[in-house]
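In my numbering, the protein residues as written are 971 to 1470. Think of the CB as a built atom: it goes at the ideal place given N, C-alpha and C, for glycine as much as any other residue. In this text the structure is predicted, and so the values were computed from the model without any measurement.
So this is what it looks like as structure tokens:
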């Protein structure tokens, strides 16, 4: 009953006209900036932070939470319609969302993304309301060895299930890991893969990687096809909304994505990238229509989008209860807390109950606002597909260049974006999957950190990964996922060429 009474008090504050308007402003701004690659919710919150001193802490944090929620949905819009993810967590959405859009089902993809985000956000917020403290305690039990194993599992699932060749998937993954290692080694202080360029000492911004590989690479690829074989894109085929079959194929991925995103997002090293990639891998593994994945399977949109939204609610668990941010935006939110002299941690629920429960209540309100705001916009967004590619390709290049500049505030960042654009174009032309590369670049530094921490805690004992039951079980599962498909194909007499 204490939880319900606290939540009721939170709603009484969140439903004040001022806070409702701030929540609406947040989700609207978040949706708009999510569409623009390179800006993103983290940058937006950081830019708006100095302007929110006129608000009280509750109102400011309600608006920032709305920006985060809206940014995730906006990132899926361009991922589906233009193959340009606004956020790194939206990368899996491009794999089937964009093929759906090319077939005239972009409206259905946007609808399943919006409804899936609403379902996942609502379920996960309910879970956070009642299970937040307990989930935080579980997160404390996870040690570096387990984090390392979880990331290995994410690498294996994405590598083995995205694309037609495990070898090419591994090659793409290792290239991404190398990109993630660029910069100063935090342990030794030595420069790695910087080619004596001071601009690379701080590493390569992930926004540059995503914008280059997807936005610029896709624009170059589309331009090449315009000259030789124009790409056939059907703006709308049939009804704009989801049909009965698409509804029946979406609801299970929504629930599975929620079940994946919430617990992983709750871990102090979770974030939204791991659950979205894992959700896509799970949906492809469970689907009876595996041949449709990569060509427009609605499950490949529904699951990752639900996982993405559920992960945000999960991210609040370590942020509020442990003071640990698990993403760039969560780190900026932590900064916002500190600006208002609020320190997240185990005593926050006792010290600032009004703020915490109002923030949780605002998540329910923001979910409804996003659904009401974005579903009517589906018809507007799909009109992007009617814009001639001869006009759209230069526009994508301009927006991508501006996004790269916004991420780094330098011409060097724009040039680096062009380099990754050329790499993305080459990968598309040669059939190498881009997903494993992006995942390697995102999680590579974290993988290295947790690997070193595990060895440090065990005093250099390499068996720590096998002697801890949870990490050992996860690593065994990863090995089975890598080997089992090949064994099953061999027993069934099916051969898959390595060069596929």
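Secondary structure of residue i, DSSP reduced to three states
{"i": "residue 1162", "result": "strand"}
{"i": "residue 1194", "result": "helix"}
{"i": "residue 1452", "result": "helix"}
{"i": "residue 1204", "result": "With a pLDDT of only 49 at residue 1204, under the threshold of 50, the placement of this residue in the model should not be trusted, and no figure is reported."}
{"i": "residue 1174", "result": "coil"}
{"i": "residue 1401", "result": "coil"}
{"i": "residue 1054", "result": "coil"}
{"i": "residue 1092", "result": "helix"}
{"i": "residue 1146", "result": "helix"}
{"i": "residue 1349", "result": "helix"}
{"i": "residue 1396", "result": "helix"}
{"i": "residue 1315", "result": "coil"}
{"i": "residue 1075", "result": "coil"}
{"i": "residue 1002", "result": "helix"}
{"i": "residue 1087", "result": "helix"}
{"i": "residue 1438", "result": "coil"}
{"i": "residue 1060", "result": "helix"}
{"i": "residue 1112", "result": "coil"}
{"i": "residue 1117", "result": "helix"}
{"i": "residue 1380", "result": "coil"}
{"i": "residue 1135", "result": "coil"}
{"i": "residue 1304", "result": "helix"}
C-beta atoms of residue i and residue j nearer than 8 Å
{"i": "residue 990", "j": "residue 1366", "result": "no"}
{"i": "residue 1232", "j": "residue 1280", "result": "yes"}
{"i": "residue 1328", "j": "residue 1096", "result": "no"}
{"i": "residue 1235", "j": "residue 1245", "result": "yes"}
{"i": "residue 1306", "j": "residue 1034", "result": "yes"}
{"i": "residue 1036", "j": "residue 1002", "result": "no"}
{"i": "residue 1138", "j": "residue 1401", "result": "yes"}
{"i": "residue 1041", "j": "residue 1272", "result": "no"}
{"i": "residue 1319", "j": "residue 1309", "result": "no"}
{"i": "residue 1249", "j": "residue 1227", "result": "yes"}
{"i": "residue 1143", "j": "residue 1407", "result": "yes"}
{"i": "residue 1424", "j": "residue 1435", "result": "yes"}
{"i": "residue 1337", "j": "residue 1172", "result": "no"}
{"i": "residue 1083", "j": "residue 1050", "result": "yes"}
{"i": "residue 1115", "j": "residue 1441", "result": "yes"}
{"i": "residue 1445", "j": "residue 1152", "result": "no"}
{"i": "residue 1098", "j": "residue 1341", "result": "no"}
{"i": "residue 1193", "j": "residue 1363", "result": "yes"}
{"i": "residue 1100", "j": "residue 973", "result": "yes"}
{"i": "residue 1275", "j": "residue 1094", "result": "no"}
{"i": "residue 1127", "j": "residue 1140", "result": "no"}
{"i": "residue 1118", "j": "residue 1420", "result": "yes"}
Range of the contiguous alpha helix (DSSP H) that encloses residue i
{"i": "residue 1422", "result": "1405–1427"}
{"i": "residue 1235", "result": "1214–1236"}
{"i": "residue 976", "result": "972–984"}
{"i": "residue 1247", "result": "1243–1256"}
{"i": "residue 1430", "result": "Per DSSP, residue 1430 belongs to no alpha helix (DSSP H) and is neither H nor E."}
{"i": "residue 1155", "result": "Per DSSP, residue 1155 belongs to no alpha helix (DSSP H) and is neither H nor E."}
{"i": "residue 1310", "result": "Segment: none, residue 1310 is in no alpha helix (DSSP H) and carries neither H nor E."}
{"i": "residue 1278", "result": "1269–1291"}
{"i": "residue 1337", "result": "1323–1344"}
{"i": "residue 1026", "result": "No alpha helix (DSSP H) contains residue 1026, which DSSP labels as neither H nor E."}
{"i": "residue 1263", "result": "Taken as a continuous stretch (DSSP letters only), residue 1263 belongs to no alpha helix (DSSP H), as it is neither H nor E."}
{"i": "residue 1168", "result": "Run containing residue 1168: none; DSSP gives neither H nor E here."}
Spatially closest choice to residue i from the options, by CA coordinates
{"i": "residue 1384", "options": "1182, 1432, 1250 and 1221", "result": "1182"}
{"i": "residue 1169", "options": "1101, 1382, 1094 and 1453", "result": "1382"}
{"i": "residue 1074", "options": "1322, 1390, 1267 and 1340", "result": "1267"}
{"i": "residue 1039", "options": "1265, 1326, 1444 and 1284", "result": "1284"}
{"i": "residue 1147", "options": "1410, 1372, 1193 and 1047", "result": "1410"}
{"i": "residue 962", "options": "1435, 1405 and 1269", "result": "For the chain, the structure presents residues 971 to 1470; residue 962 sits outside this window and is missing."}
{"i": "residue 1277", "options": "1451, 1061, 1375 and 1180", "result": "1061"}
{"i": "residue 1255", "options": "994, 983, 1454 and 985", "result": "1454"}
{"i": "residue 992", "options": "1376, 1243, 1339 and 1191", "result": "1339"}
{"i": "residue 1186", "options": "1452, 1396 and 1370", "result": "1370"}
{"i": "residue 1261", "options": "1048, 984, 1026 and 1066", "result": "1066"}
{"i": "residue 1372", "options": "1360, 1361 and 1388", "result": "1388"}
{"i": "residue 1077", "options": "1218, 1211, 1162 and 1150", "result": "1211"}
{"i": "residue 1221", "options": "1088, 1317, 1343 and 1161", "result": "1088"}
{"i": "residue 1360", "options": "1311, 1190 and 1321", "result": "1190"}
Check: residue i C-beta below 7 Å from any heavy atom of the ligand COA
{"i": "residue 1424", "result": "You won't find the ligand COA in this model; it holds no ligand whatsoever."}
Given 8 Å as the limit, is there contact between the region 1331–1338 and the region 1137–1157, that is, 3 or more CB pairs closer than that? Touching, no, given that fewer than three Cβ pairs across the two stretches are closer than 8 Å.
Does the region 1411–1421 come close enough to the region 1172–1189 that 3 or more CB-CB pairs lie under 8 Å? Taking 8 Å as the limit for Cβ pairs, the verdict is that the region 1411–1421 does touch the region 1172–1189.
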